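This note's numbering numbers the first residue of the sequence shown as 48 and each following residue consecutively. Using N, Cα and C, we set each Cβ at its ideal position, and we do this for glycine too. Remember, predicted model here, so these are calculated numbers, not experimental data. Quick notes on the structure that follows.
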Amino acid sequence: MAKINSNFKNLSKNYLFSEIDKRVKLYLAAHPRAKIFNLGVGNTTEPIVHAVIKGLKRKVGELGRRETYTGYGNFQGDMILREALSKWYRKRGLKISPSEIFISDGAKSDCANISSIFAPDSRVAICDPVYPVYRDANLLAGKKLIYLAAKEENGFFPSLPEEKADLIFLCSPNNPTGAAAKASQLREFVDYAIKNKAIIIFDAAYSEYIQEKEFPKSIYQIEGSRKCAIEIQSLSKSAGFTGIRLGWTIVPNGLRTEDALGEGEINRLWRRRQSTMFNGASNIAQEGGLAVFSEAGQKETQKQIKYYLENANLIKEELERLKLKVFGGVNAPYLWVKCPGGLSSWEFFDKLLKETQVICTPGAGFGICGEGYVRFSAFAKREEIKKGVESIKKNLYL
Ligand code: PLP
């Protein structure tokens, strides 16, 4: 008899975005002529930059010719792309060998799959509020979760776990709070991980939004972290690859658990896992990814990141002018806004929708500590941001 994984019962109803849709639809049914401004979602809106389009087209052309057609590639990713990434890190003063880089179809699947190489009884620390995949993937695998509260009083970066954690998921700059971790904060976690023989899984999907030097773009900027950390990356938010799909995971050679045999054990285990369960990222996506790391690609994508950060700044300035408490949005595309007058996340969501027709994302949907906050996102067209912000300015009754 087939039976489902009973851990499914531990997942909460995934209702955040469907509930938002439902409330917006209800509102539109009552106000069919209303114009809605969506400042809540984390989906990119700017077109792929020219240099990358050139790369994508080049590969498509090659695939259409017998002499240049290629099928399956290396499951770990094209060596040329891994070498380009290694060089990119070297320019940042970090030594990452191509053998430590595993190209993926995006960060989300790796965030979920990485747990599979660790023991089922691992205790996994995650932040609250949290990007939901860390929570749900580990719950499904039957692992025990330890929630680390990320609150205003700790700058939305959690304190060290009080009970012993084996795996620790960290995300900086953070989705949903927009907070970036300082080197000293990451240092504490690296020291904890080394002392407790824990492994940090560091999600750096928003690293390119970091503008201020005191915030590391990679966990490997912290000395000793190669002994305790895996880093997950993505081109989704830094180059608009949300639809194309490309990311990578770094598993340092020499990273090992106490019970593992020999050097490079976790790298070997991840290679073993990926070689049977993943057939490699799309070759078209990889050629596009390679173009991101060309000189022109870097220049053009940096410009796009600046555009989104200007969006974030527009939202931040206006909300602050209204005396709302706004966090993030400086080194991240997300703003974390305290609901005024003690409103709950959903109450403020409804108020914004009804009075201003602006959609945000209720913080409560990311965890208990997200209650009382909402997330604004800079991923929208400038016009939409301007109109949304204008509507808040004119119509929000505080
Ligand atoms: N990590 C974080 C923190 C994210 O917010 C997202 C997407 O929103 C991802 C990973 C997923 O990235 P990808 O599109 O590469 O799967």
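Starting from the C-beta of residue i, find all residues in its chain whose C-beta is less than 7 Å away, skip the five residues before and the five after it, and write them out in chain order.
i    : result
P145 : M126, R129, E130 and S133
Q404 : A81, K82, I83, F84 and S438
G189 : N54 and P167
G505 : This structure does not reach residue 505, given that the chain is present from 48 up to 445, and the question cannot be answered.
Y256 : P220, I352, L356, N378, A379 and P380
P205 : C174, L195, A196 and A197
V421 : V384, C386, S392, F395, F396, C407, T408, P409 and G410
G412 : L63
S341 : A98
D354 : Looking at the sequence shown, residue 354 is not Asp but Tyr. Counting only Cβ-Cβ distances below 7 Å, and skipping sequence neighbours, we find E93.
Cβ atoms of residue j and residue i: under 7 Å apart, would you say?
i    : j    : result
A159 : Y253 : no
A240 : F262 : no
P176 : P223 : yes
K385 : K372 : yes
D213 : A245 : yes
Y267 : L187 : no
I164 : L302 : no
G336 : L282 : yes
S392 : G410 : yes
G102 : E259 : no
I247 : C275 : yes
N330 : G120 : yes
G202 : W383 : no
G344 : T91  : no
I279 : D157 : yes
S169 : A184 : no
F122 : N442 : no
Hey, is residue i close to ligand 1, as in C-beta under 6 Å from one of its heavy atoms?
i    : result
S281 : yes
A252 : yes
N222 : yes
G376 : no
K155 : yes
Y178 : yes
G225 : no
G89  : yes
G124 : no
C386 : no
G336 : no
C218 : yes
G294 : yes
Leaving out five residues before and five after residue i in sequence, what residues of the same chain have Cβ atoms less than 6 Å from its Cβ?
i    : result
R182 : I173
G419 : C386
I277 : I248 and V298
N314 : V298 and N300
Q232 : F204
T115 : E109
Please confirm whether residue i has its beta-carbon closer than 7 Å to some beta-carbon of chain D.
i    : result
G118 : No chain D appears in the structure shown, which is made up of a single protein chain.
Can you list, in chain order, the residues of its chain with a C-beta nearer than 8 Å to that of residue i? Leave out the 5 residues immediately preceding and following it.
i    : result
K440 : E365, R368 and L369
R273 : Y267, P299, G301 and L302
T117 : E109, L110 and N330
E347 : V96, H97, A98 and V99
If you measure from the CB of residue i, is any heavy atom of ligand 3 nearer than 6 Å?
i    : result
E305 : Only ligand 1 can be found as ligands here, which leaves ligand 3 out of the picture.
Inset, instruction - Count the C-beta pairs between the segment 352-364 and the segment 209-222 that are closer than 8 Å, then say yes if the count reaches three, no if not. - result: Using a Cβ-Cβ distance cut-off of 8 Å, the segment 352-364 and the segment 209-222 are not in contact, since fewer than three pairs of beta carbons, one from each stretch, lie closer than that value.
Inset, instruction - Give a yes or no on contact between the segment 236-252 and the segment 105-116, applying the rule of three or more CB pairs nearer than 8 Å. - result: Cβ pair count under 8 Å is below three, so no.
Inset, instruction - Ignoring anything shorter than 4 residues or poking outside the segment 365-412, list the alpha helix (DSSP H) runs there in chain order. - result: Listed in chain order, they are 392-403.
Inset, instruction - Take every Cβ of the segment 376-391, pair it with every Cβ of the segment 310-323, and state whether three or more of those distances are shorter than 8 Å. - result: Per the Cβ contact rule, the segment 376-391 is not in contact with the segment 310-323 (fewer than 3 Cβ pairs under 8 Å).
Inset, instruction - Give a yes or no on contact between the segment 425-442 and the segment 352-362, applying the rule of three or more CB pairs nearer than 8 Å. - result: Look at the beta carbons and you see the segment 425-442 touching the segment 352-362: at least three pairs across the two are nearer than 8 Å.
Legend entry - Given 8 Å, three or more beta-carbon pairs between the segment 95-103 and the segment 431-442: Proximity of the segment 95-103 to the segment 431-442 falls short of the contact definition, fewer than three beta-carbon pairs being nearer than 8 Å.
Inset, instruction - Counting only runs of 4+ residues fully inside the segment 141-182, write out the alpha helix (DSSP H) ranges in chain order. - result: Listed in chain order, the alpha helix (DSSP H) elements of length 4 or more contained wholly in the segment 141-182 are 154-160.
Legend entry - the segment 284-296 / the segment 60-77 touching (three or more Cβ pairs under 8 Å): Touching, no.
Inset, instruction - Write down every uninterrupted run of the alpha helix (DSSP H) in the segment 211-267 whose length is 4 residues or greater and which is fully enclosed by it, in chain order. - result: Those alpha helix (DSSP H) runs which fall completely within the segment 211-267 and span 4+ residues are 230-243.
Inset, instruction - Report yes or no: do three or more beta-carbon pairs, one from the segment 139-155 and one from the segment 277-294, lie closer than 8 Å? - result: Output reads yes: the segment 277-294 touches the segment 139-155.
Legend entry - Minimum length 4: unbroken alpha helix (DSSP H) runs contained in the segment 79-148: Taken in chain order, the complete alpha helix (DSSP H) segments of 4 or more residues contained in the segment 79-148 are 97-110 and 126-138.
Inset, instruction - Please specify which runs of the alpha helix (DSSP H), each continuous and at least 4 residues long, are wholly inside the segment 267-322, giving them in chain order. - result: You should have 283-286.
Inset, instruction - Scan the segment 330-356 and note each continuous alpha helix (DSSP H) run of 4 residues or more that stays entirely inside, going in chain order. - result: The segment 330-356 contains these whole alpha helix (DSSP H) runs: 330-339.
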